[in-house]
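The structure appears right after this line, and notes come after that.
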C-alpha cells in the first residue's frame, strides 16, 4: 500500500495492517511524507485526519495503567508493514518485556528519516519496573506511565489539582476554556473503579472568567474547590461535592486582585480554611486574609502579617487538635531576604508570626503539611540568587521551628514559579513534589520524594520530557490517600506555536515489600 493509498484507505484496508486488538479501540497512523498528520480510525469506522500528533493517548484498561512502548526499526522506504511483520514486532516486545504481563491494545506508526517508529499502547502489570520510558531521565520504577486527563483541547488546560478519597476515587480539576464564550471555566473528571467519568464543568456555564482552581479533600471524602471569578472585580468562590453534585459556588473572599495567591484546606466538612494574600487600605503591601467554615457558616475575616511588609502566598493545614497552621513568605526590601513565616491558631486566637528561615535567596514558593507524627513541616525553595535552587524544609517540634536540611538531591535551576512545590500527607506518609529543570533550563520534569523518620527518600522522576515539542512539565500537584495510594498531576506545555497545554497524571505502584 503506497502513501497515497494509505491517505485514501478504507477502514477495511487499514484493518489488514492492524495488530489483533479489540474492536472498540482506535488506531492512529502517521502519514509518511508529513509525519505530523495522523489518520485515525474512530469508533464510527471512519478515517479522521488529526493535524497535530498526541504522543500519549493512554487510558486505564483492565484495572491497570496503559503505557506506551516506543520501538524504532531502520531501513525502509515504502509503506507499510505487512501484518506478519507487525506481529513479529509485537512478539519481540513481549520477549523484551518478559517481566510483564503484557497485552497489546493499539499501535501508532510514523515514518522518520528512513526509520519506522511504532508506538504500542499496552496493558501492563508491572513486576519489577517499567518496560520502557520515552526520553531523558528514566522514570522511577514504581511510577506508571502518564495518562491524559480530560479532553485533548488546544491551548486551554492549565493549573491542575488532584485529590484522592477513601472510596478509591481520584478527583481532578483544572482551568479550561469555553469554546463558545471563549472564557475560562473550571472542569473536572473522576477516576473510579478503573473508569473515567466524562469531562464536565464544576459550575454552571457563564460569561465570566473562572480560573485557577485549588482542590482539597477532607477525611470524609468530600472534595472542596476554591477558584478565582472575575466579574465586576476579582473574588474567590468555593464549591464542594457530595459525590454526585457540586454546590452552588459561594463567594468567600472579595476585593481581591488578579494576581492574589489563594488556597483552601479541608480537614472535613466542619473544618475548612480559605486564605489569600490581600491588600488592605491601611498597608502599603499585603497581609494574609483567612476565613473558617465550621460546617454551618463562614466565620469573620481574620488577618495575619508583619507591619509595613508584604506577606504573600499563604498555605494552611489543620491538625487533629483543631489547630490551624499557616506558612507564608514575607517579602524583604530590595536586596533583602524573603522570610519564611508561620503562625498557629488555637482557642486563644492566632499566635504572633514566627520566623522560620531568613536565608538569602528564598523564592516566593512554600507549603506546609503535617508529618506522620502530627507535627507541621514547612518546605520552601531557596538559593534563588544563585544559578541553582534548593528545596529546603523545617519541622516544628518542642523547641519551635528547626531547620531540617534539603529535600532535593540535585540542584534545580530557575525554580521561579510560585506553583511548582507542594506537600501532601496521607496513609502515614508525607510527600513533596516539584518541577525540576533539565538541559540547561530548556526542559522540565516532575520530581518527588517521600519523608520518613530517617529523612527524605531519593528523588523519583514522575515525568520526563516526552517529545521534542512537549518539553515543559510544570505546576505539579500530588495527593496521598489514607491507604497510601499516590497520584500526581501536572501541566504539559508545548514549547512552540500553538503552545498547547494539556493535563497529565500518573500514579505510583507500590510493591508488597513496601512503598
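Numbering (this note's numbering), first residue to last: 302 to 816.
From the three backbone atoms N, C-alpha and C, an ideal C-beta is built for every residue, glycine too.
Q: Return the chain-ordered list of same chain residues with a C-beta closer than 8 Å to the C-beta of residue 794, the five sequence neighbours on each side being excluded.
A: Correct list, in chain order: 771, 773, 774, 775, 800, 801, 802.
Q) For residue 535 versus residue 509, is the C-beta distance shorter than 7 Å? A) Cβ atoms of residue 535 and residue 509: not closer than 7 Å.
Q | Cβ neighbour criterion (16 or more within 10 Å) applied to residue 700 | A | exposed
**Q.** Pick from 768, 672, 808 that is closest to residue 761, judged by C-alpha positions
**A.** Checking every option, the nearest Cα to that of residue 761 belongs to 808.
Q. If you compare alpha carbons, which of 690, 644, 463, 646 is closest to residue 662?
A. 690
Q: Thinking residue 732 and residue 722 are a contact (beta carbons under 8 Å), I'd like their distance in whole angstroms, please.
A: Not quite, the Cβ-Cβ distance comes to about 12 Å (not below 8 Å), so this is no contact.
Q | Among 594, 656, 546, 470, the one whose alpha carbon lies nearest that of residue 552 | A | 594
Q: Please check the pair residue 528 and residue 543, which I expect to be a contact at CB under 8 Å, by giving their CB distance rounded to whole angstroms.
A: Actually they are not in contact, since the Cβ atoms of residue 528 and residue 543 sit about 19 Å apart, beyond 8 Å.
Q) For residue 730, which of 564, 708, 753 has the nearest alpha-carbon? A) 753
Q | Beta-bridge partners of residue 254, as assigned by DSSP | A | A question about residue 254 goes unanswered here, because the residues of the chain that appear run from 302 up to 816.
Q) Counting only runs that start and end within the segment 458 to 487, where is the alpha helix (DSSP H) found for 4 or more residues in a row? A) none
(Q) Do residue 641 and residue 667 have their beta-carbon atoms positioned less than 7 Å apart in this structure? (A) yes
Q) Taking the beta strand (DSSP E) that residue 693 falls in, what are its first and last residues? A) Taken as a continuous stretch (DSSP letters only), the beta strand (DSSP E) holding residue 693 covers 691 to 698.
Q.
Which residue wins for smallest C-alpha separation from residue 671, given the options 625, 657, 560?
A. 625
Q) Under a three-way DSSP split, which group does residue 607 fall into? A) Three-state result, residue 607: coil.
Q: Report the option in 787, 473, 791, 785 whose CA atom is closest to the CA atom of residue 777.
A: Comparing alpha carbon positions, the residue from 787, 473, 791, 785 closest to residue 777 is 791.
Q. Going by Cα to Cα distance, which pick from 444, 488, 466, 570 is closest to residue 804?
A. 488
Q: Spatial neighbours of residue 627 within its chain, please: CB distance less than 6 Å, with the 5 preceding and 5 following residues excluded, ordered by chain position.
A: 615, 617, 644
**Q.** Candidates 477, 453, 492, 458: closest to residue 788 by CA position
**A.** 492
(Q) Quick check on residue 666: does DSSP put it in helix, strand or coil? (A) coil
Q. In its own chain, which residues sit with a C-beta less than 6 Å from the C-beta of residue 798, not counting the 5 before and 5 after it?
A. none
Q: Identify whether residue 672 lies in helix, strand or coil by the three-state DSSP scheme.
A: coil
Q: Report yes if the CB atom of residue 515 is closer than 7 Å to the CB atom of residue 564, and no otherwise.
A: yes
Q. Less than 7 Å separating the beta-carbons of residue 612 and residue 588?
A. yes
Q) Span of the beta strand (DSSP E) holding residue 513? A) 510 to 518
Q | Buried or exposed (CB count within 10 angstroms, at least 16 for buried), residue 459 | A | buried
(Q) The beta strand (DSSP E) that contains residue 777, what's its start and end? (A) 773 to 781
Q. Distance, Cα to Cα, residue 443 vs residue 759?
A. For residue 443 and residue 759, the gap between their C-alpha atoms comes out near 13 Å.
Q | Nearest-angstrom Cα separation, counted from residue 466 out to residue 570 | A | Annotation: residue 570 to residue 466 spans about 14 Å, alpha carbon to alpha carbon.
Q.
Can you check which of these residues, 603, 581, 694, is closest to residue 724 by C-alpha distance?
A. When only C-alpha atoms are compared, the closest one is 694.
Q | Cβ neighbours of residue 463 in the same chain (closer than 6 Å, five flanking residues each side left out) | A | 473, 778, 780, 788, 790
(Q) Out of 763, 568, 526, which one is the CA nearest neighbour of residue 749? (A) 763
Q: In the DSSP assignment, find the beta strand (DSSP E) that holds residue 581 and state where it starts and stops.
A: That residue, residue 581, is in no beta strand (DSSP E); it is neither H nor E in DSSP.
Q | Residue burial classification, residue 446 (beta-carbon count within 10 angstroms, cutoff 16) | A | Burial check for residue 446: the Cβ neighbour count within 10 Å reaches 16 or more, so the residue is buried.
Q. Looking only at its own chain, which residues have a Cβ that is under 6 Å from the Cβ of residue 660, when we skip the five neighbours before and after it?
A. If we look at residue 660 and ignore the five residues flanking it on each side, its Cβ neighbours are 683.
Q. Along the chain, where does the beta strand (DSSP E) that runs through residue 824 open and close?
A. An answer regarding residue 824 cannot be provided, because it is not within the stretch 302 to 816 covered by the chain.
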